[in-house]
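In full-length UniProt numbering, the protein residues as written are 1 to 177.
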């Protein structure tokens with residue numbers, strides 16, 4: 001299984017000149033915890049986690065391009081996922097894969113690499129390891145982008161934040177590993 005077969009197209013892409021305030025607003029429209037950063041031509045420059053955006057929300061004039069890049073893997077659309085250099089026992093088990101073409105342009109993302117790598121290995125004849133199997137919903141929560149409040153995903157998207165009163169649009173999915 002190659003990256004092209006399982007990658008998601010990304011409706012929310014940040015620009016390096018976006019302010020953190022603008023990026024937080026854009027990020028609220030995405031279910032991904034890590035968002036790609038690309039220039040006007042679509043060339044991939046890095047990725048920023050929603051958590052980093054929230055941490056820098058106190059400085060609304062800071063630019064996305066000034067933030068540290070999130071921990072990601074990068075591959076070509078035709079790269080076999082079973083050949084990714086991914087350690088399921090690592091301290092960062094849910095690394096995101098960003099898919100870029102031969103010109104460095106952003107094509108898509110594989111946000112749940114453990115699932116994709118595990119599935120690719122199984123399809124190519126590797127035995128499934130219990131340590132590689134991850135339950136995606138196990139660690140997902142709704143996070144208020146205004147104050148950081150976490151709500152259990154099983155309860156559905158909160159209508160209002162019980163901590164700061166923010167509306168439903170201020171919530172985004174958040175993964176805690």
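Glycine included, every Cβ here is placed at the ideal spot set by N, Cα and C.
Can you check which of these residues, 58, 65, 147, is closest to residue 35 by C-alpha distance? As a position in the chain shown, residue 35 is number 35, starting the count at 1. Ranking 58, 65, 147 by Cα distance to residue 35 puts 65 first.
In this structure, does DSSP put residue 106 in helix, strand or coil? Against the chain shown, residue 106 aligns to sequence position 106. In the structure shown, residue 106 sits in a strand (DSSP, three-state: E or B).
Drop a sphere of 10 angstroms on the beta-carbon of residue 83, count the other beta-carbons inside from all chains shown, and report buried for 16 or more, exposed for fewer. Mapped onto the chain shown, residue 83 falls at position 83. With fewer than 16 Cβ atoms within 10 Å of its Cβ, residue 83 is classed as exposed.
Is residue 169 helix, strand or coil when you go by DSSP? For the purposes of this step, residue 169 is identified with residue 169 of the chain shown, where counting begins at 1. It is helical.
Cβ pair residue 12, residue 30 closer than 8 Å: Along the chain shown, one-based indexing puts residue 12 at 12. Along the chain shown, one-based indexing puts residue 30 at 30. Going by C-beta atoms, residue 12 is nearer than 8 Å to residue 30.
Counting only runs of 4+ residues fully inside the region 25-94, write out the alpha helix (DSSP H) ranges in chain order. 50-55
If you draw a straight line from the C-alpha of residue 44 to the C-alpha of residue 62, how long is it? Within the chain shown, numbered from 1, the residue matching residue 44 stands at position 44. Within the chain shown, numbered from 1, the residue matching residue 62 stands at position 62. Cα to Cα, the separation comes out at about 20 Å.
Determine, using beta carbons only, whether residue 37 and residue 47 come nearer to each other than 8 Å. What you label residue 37 is simply residue 37 of the chain shown in a count that begins at 1. What you label residue 47 is simply residue 47 of the chain shown in a count that begins at 1. Yes, these two residues count as a Cβ contact at 8 Å.
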